[in-house]
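Worksheet: the structure to be examined is printed underneath.
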Amino acid sequence: MMRLDAEAQPRYCDNCGARVTHDFRRAYGDSIGVAHRRRDCDTAVRIQQGSAAGHDRSRPDA
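The following block contains the structure:
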């Protein structure tokens, strides 16, 4: 079953403007579902540490 509500619709990365899925925003985005970075914008380690939710991370991109 496909979700048609507004929450299921892709939104855009604040960093690059590319589409970001609901599942990515739910897992890695901030408390209101905004993705500040996506996998093409940052490393997996930094995203897991919160960079996609808008948190600054001191670990350099690798």
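Per my numbering, residue 14 is the first one in the sequence shown, and the count goes up by one each step.
Built from N, CA and C at the ideal position, the CB exists for glycine as well.
Under DSSP, Arg32 takes part in a beta bridge, and its partners are Tyr25.
In the structure shown, the three-state DSSP call for Ala48 is coil.
Under the three-state reduction of DSSP output, Gln61 falls in the helix class.
Under the three-state reduction of DSSP output, Arg38 falls in the helix class. Scanning its chain for C-beta atoms nearer than 6 Å, with the 5 sequence neighbours on each side dropped, one finds around Gly46 the residues Arg38, in chain order.
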